[in-house]
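Visitor: Numbering (my numbering), first residue to last: 442 to 922.
Take a look at the following structure, please.
Listed below in structure tokens is the structure:
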């Protein structure tokens with residue numbers, strides 16, 4: 442049986458939270474090893490699309506497809522159960538595809554119907570209830586014992602997400618899978634123009650489903666993996682987003698074309714050798730849209746004060762990014778010196794690395810870069826706390842500050858912070874060497890002020906890709922083949 446399988450990664454925004462809403466500023470976004478998978482196979486019902494999300498209760502959605510004036514229309518069989526992101530992607534991706542391939546080829550595949558599975562790695566959803574019901578402690582050992590792509594025992598609307606960008610990863614994997622299935626693209630893993638097309642369509646669908654043109658970094662990570670990001674101008678998509686119920690397919694096809702005037706900037710990135718990222722979800726909660734609204738309202742009311750703070754954060758973040766890139770270059774120059782510096786610093790608290798600079802040693806530049814990253818990111822955190830005090834948005838609230846400070850005390854930790862818009866939902870730690878991971882997880886497991894749940898995901902610099910079903914552990918077991 443012919444299967445199309447495409448996956449896309451989640452995201453972690455390390456630097457540039459709030460700033461990347463403005464085209465003047467950049468952010469550093471890291472792709473994750475946790476991925477969202479879309480599997481498409483021919484159906485057995487004429488012009489019917491069946492969506493399967495087997496991890497959830499009430500997991501199926503059914504639609505009938507019709508094409509009118511170049512636009513795809515979906516008729517749902519259950520009008521009280523909408524799935525906004527899925528429906529937006531299906532309707533508009535199929536409309537675009539029908540205008541880019543022969544009508545004969547399109548009709549032939551549509552008439553067979555489509556069976557589509559959308560499945561996310563466990564880390565996209567909190568596994569607290571799963572562990573509790575199995576009488577397992579909240580730690581990485583327990584998480585590794587869970588079945589891959591395990592059921593979450595709740596509905597899509599009620600599931601507790603962990604903030605890895607599941608909607609963007611799902612949107613991108615579904616868009617890409619549809620384009621691959623209909624043979625609208627030929628070499629999507631390697632062809633930059635084809636990947637750009639998937640990026641543009643995914644950004645459009647994600648913005649339309651959200652009802653606004655956001656910063657786009659989460660979809661960008663799903664497409665390109667880890668990179669330094671500068672957003673696209675909102676004016677590119679605003680005309681079609683505003684005409685949601687009366688979209689001109691000719692105009693839309695022009696806007697999403699790889700040759701159109703998209704001005705987003707992408708610079709590929711990977712963490713330097715011997716760096717590791719670990720993540721945790723915190724059992725509290727914050728509403729990202731309301732936090733962003735508070736910050737933007739404060740910035741509008743206090744432009745001079747806000748711009749000074751924005752530029753300060755941007756300057757500190759730029760130093761962090763540049764130093765991370767330079768560290769990779771230092772590794773390429775002399776791997777032995779680099780590894781010796783990492784071994785030395787991994788045994789010492791980051792605040793004490795300044796003492797190592799006073800000593801005459803080879804590879805001094807490597808020590809300088811490591812210490813600079815540590816200190817500059819501490820400045821970023823302080824500025825975010827200043828923003829909290831000025832805007833009343835809980836970006837790094839005191840409870841998170843105490844937890845992050847405890848993580849930063851662990852030898853080898855170079856950065857610890859709240860990703861993206863911040864709040865109570867999640868934290869990340871980046872460290873060097875092998876020892877810090879166990880020590881940080883021990884801090885989390887014994888933390889009493891909040892319940893801190895580790896995730897298994899780590900950095901993966903690769904964006905969306907075609908997959909072989911047999912090579913993804915546990916994925917085949919989710920399908921009704």
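For each residue, glycine too, the CB sits at the ideal point set by N, CA and C.
Flag residue 545 as yes if its beta-carbon sits less than 9 Å from any beta-carbon of chain B, otherwise no.
Guide: Absent from the structure is chain B; it holds one protein chain and no more.
Visitor: Quick one: what's got a C-beta closer than 7 Å to residue 659's C-beta in the same chain, skipping five residues either side?
Guide: These residues qualify, in order along the chain: 452, 606, 609.
Visitor: Does the beta-carbon distance from residue 868 to residue 721 come in below 9 Å?
Guide: Closer than 9 Å, so yes.
Visitor: Report the partner residues of residue 718 according to the DSSP bridge assignment.
Guide: In DSSP, residue 718 forms a bridge with 871.
Visitor: Helix, strand or coil for residue 706, going by three-state DSSP, please let me know.
Guide: If DSSP states are grouped into helix, strand and coil, residue 706 belongs with the strands.
Visitor: Whose C-beta lies closer than 8 Å to the C-beta of residue 496 among residues of the same chain, with five residues either side of it excluded?
Guide: Within the same chain, residue 496 has close Cβ partners 560, 561, 566, 590, 591, 592, 593, 919.
Visitor: Suppose you measure from the CA of residue 492 to the CA of residue 500; what does that come to, to the nearest Å?
Guide: Roughly 8 Å between the two C-alpha positions.
Visitor: Alpha carbon to alpha carbon, how far is residue 656 from residue 672? Give it in angstroms, no decimals.
Guide: Roughly 6 Å between the two C-alpha positions.
Visitor: Going by CA-CA distance only, name the one from 709, 694, 884 that's closest to residue 769.
Guide: The candidate whose alpha carbon is nearest that of residue 769 is 709.
Visitor: Pull up the distance between the alpha-carbon of residue 899 and that of residue 871, whole angstroms please.
Guide: Each residue's Cα considered, the two are about 10 Å apart.
Visitor: Can at least three beta-carbon pairs, one atom from the region 457-471 and one from the region 667-681, be found at a separation below 8 Å?
Guide: Cβ pair count under 8 Å is three or more, so yes.
Visitor: How about residue 885 and residue 895: are their beta carbons less than 9 Å apart?
Guide: Cβ distance < 9 Å, so residue 885 and residue 895 count as in contact.
Visitor: Do you know offhand how far residue 529's Cα is from residue 550's?
Guide: Rounded to whole angstroms, residue 529 to residue 550 spans 20 Å at the Cα level.
Visitor: Let me make sure I understand the geometry here. Which of 822, 823, 792, 821 has the alpha-carbon closest to that of residue 809?
Guide: Minimum Cα distance to residue 809 is reached at 792.
Visitor: Please classify residue 826: does DSSP put it in a helix, a strand, or coil?
Guide: DSSP places residue 826 in helix when its eight states are reduced to three.
Visitor: Is residue 780 closer than 9 Å to residue 715 when the C-beta atoms are compared?
Guide: Yes, the pair counts as a contact, with Cβ atoms nearer than the cut-off.
Visitor: Just to confirm before moving on: does the CB-CB distance between residue 817 and residue 873 stay below 9 Å?
Guide: The answer is no: Cβ separation not under 9 Å.
Visitor: What residue ranges within the region 771-830 form continuous alpha helix (DSSP H) runs of no fewer than 4 residues, ordered along the chain?
Guide: The region 771-830 contains these whole alpha helix (DSSP H) runs: 776-786, 794-798.
Visitor: Write down the C-beta distance between residue 474 and residue 901 rounded to the nearest angstrom, noting that I regard them as a contact closer than 8 Å.
Guide: Indeed, because the Cβ distance is near 4 Å, the residues count as touching under 8 Å.
Visitor: Taking residue 940 as the reference, which of 486, 649, 706, 543 has the closest Cα?
Guide: The displayed coordinates of the chain run from 442 to 922. Any statement about residue 940 would go beyond what the structure contains.
Visitor: Three-state secondary structure (DSSP) at residue 595?
Guide: It is coil, neither helix nor strand.
Visitor: Three Cβ pairs or more, each shorter than 8 Å: is that satisfied between the region 674-693 and the region 627-636?
Guide: As far as the Cβ criterion goes, the region 674-693 does not touch the region 627-636, which means the pair count is below three.
Visitor: Using the DSSP secondary-structure output, state which residues sit across from residue 882 in a beta bridge.
Guide: Its beta-bridge partners do not exist; DSSP assigns none.
Visitor: Exposed or buried, what is residue 726 when buried is set at 16 or more other beta-carbons lying within 10 Å of its beta-carbon?
Guide: In this prediction, residue 726 has a pLDDT of 49, which is less than 50 and means its spatial position is unreliable; nothing more can be read from the coordinates.
Visitor: Hey, residue 460 and residue 754: beta-carbon distance below 9 Å or not?
Guide: Yes, Cβ-Cβ distance for residue 460 and residue 754 is below 9 Å.
Visitor: Would you check if the region 510-519 and the region 530-540 touch, i.e. whether three or more CB-CB distances between them fall below 8 Å?
Guide: Segments in contact, yes.
Visitor: Residues bridged to residue 903 by DSSP?
Guide: Bridge partners of residue 903: none, in fact.
Visitor: Runs of 3 residues minimum, wholly inside the region 553-604: which ones carry the beta strand (DSSP E) assignment?
Guide: Within the region 553-604, the complete beta strand (DSSP E) runs of at least 3 residues are 555-561.
Visitor: Hey, could you find the ends of the beta strand (DSSP E) residue 513 is sitting in?
Guide: Counting along the chain, the beta strand (DSSP E) containing residue 513 begins and ends at 512-517.
Visitor: Give the secondary structure of residue 726 by DSSP, where H, G and I count as helix, E and B as strand, and everything else as coil.
Guide: Low per-residue confidence applies at residue 726: pLDDT is 49, beneath 50, and the placement is therefore not dependable, though the value from the model is reported in the following sentence. Residue 726 falls in the coil class under three-state DSSP.
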